[in-house]
Amino acid sequence: DAGITQSPRHKVTETGTPVTLRCHQTENHRYMYWYRQDPGHGLRLIHYSYGVKDTDKGEVSDGYSVSRSKTEDFLLTLESATSSQTSVYFCAISEGPNYNEQFFGPGTRLTVL
Amino acid sequence: GENVEQHPSTLSVQEGDSAVIKCTYSDSASNYFPWYKQELGKGPQLIIDIRSNVGEKKDQRIAVTLNKTAKHFSLHITETQPEDSAVYFCAATRRGSSNTGKLIFGQGTTLQVKP
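Those protein sequence lines, which keep their order, are chains G and P. For the first sequence, counting from 1, position 112 maps to 112 in my numbering; every step adds exactly one. For the second sequence, counting from 1, position 112 maps to 1112 in my numbering; every step adds exactly one.
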């Protein structure tokens, strides 16, 4: 398995609180992605990074921000969590767009009450 | 925007039967189509992929077919086994462009293989 860890694995929080999810990789892959998975929607891209301090928006980026200060870490922040952000969040990594295989982490289940 | 439609949402088969999952994509420039398998409590894992210059690809009991004209591709699993039970996702992307590897996923198919 690709060396990807996500923390925390489970979190319950209240509406309006900030939440940060962490993705850590040991593969030295340049590209990192954050997805959310919801029933009936598959996986939807939130944000991605193509290098340290280089990030861009995905299809469902509203309400989320990201940061990547080191190759191995990609942080996803919900500035003020809402119930609509209750979901399972997956991080993925890849060597680059010409390889395209994305390796996924184990996921973080977030519940916003 | 770009979209991938996947059907059926659930599929139940008897062990040993075949299973077929179909996807349709909207972006005619898509040229790479991976399939992922997600077991309960885990992240998705790539099981097979196909490029737009190939019509069919096989890997043991799994095969994928691509019809570029109709913009659809399918996953075929033969001689299904209980361990094939999982959620399967199709995806599409433009490989090698400025798309930076962004995958557009289908909605997923929950496959149940009954012993």
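For every residue, glycine included, the Cβ atom is placed at its ideal position computed from N, Cα and C.
- Counting the other CB atoms within 10 Å of its CB gives VAL1064 (chain P) a total of 16 or more, which places it among the buried residues.
- The beta carbon of ILE1050 (chain P) sits closer than 6 Å to those of PHE1033, LYS1057, VAL1064, LEU1066, all from its chain and outside the five residues before and after it, given in chain order.
- In the three-state DSSP reduction, GLN1014 (chain P) falls in the strand class (E or B).
- Under the 8 Å criterion on CB atoms, PHE74 (chain G) is classed as non-interfacial with respect to chain P.
- With contacts defined as CB atoms closer than 8 Å, ILE1077 (chain P) and ALA1019 (chain P) qualify as a contacting pair.
- GLU1056 (chain P) sits in a strand when the DSSP states are folded into three classes.
- Using a 10 angstroms sphere on the CB of THR1109 (chain P), the tally of other CB atoms reaches 16 or more, which defines it as buried.
- The beta carbon of GLY51 (chain G) sits closer than 7 Å to the beta carbons of ARG30 from its chain, once the five residues preceding and following it are set aside; these are given in chain order.
- A distance below 8 Å separates the beta carbons of SER49 (chain G) and PHE74 (chain G).
- In terms of CA proximity to GLU79 (chain G), G:LEU21 leads the group G:LEU21, G:PRO8, G:ASP38.
- Within the same chain, and ignoring the five residues on either side of THR17 (chain G) in sequence, the residues whose Cβ sits closer than 7 Å to its Cβ are ALA81.
- In the three-state scheme derived from DSSP, where H, G and I count as helix and E and B as strand, PRO1034 (chain P) is classed as strand.
- Ranked by Cα distance from CYS1090 (chain P), the first of G:GLY42, G:THR5, G:HIS24 is G:GLY42.
- By the neighbour-count criterion, in which 16 or more other beta carbons inside 10 Å mark a residue as buried, SER87 (chain G) falls on the buried side.
- Closest by C-alpha distance to TYR1025 (chain P), out of P:THR1093, P:PRO1008, P:ASP1017, is P:THR1093.
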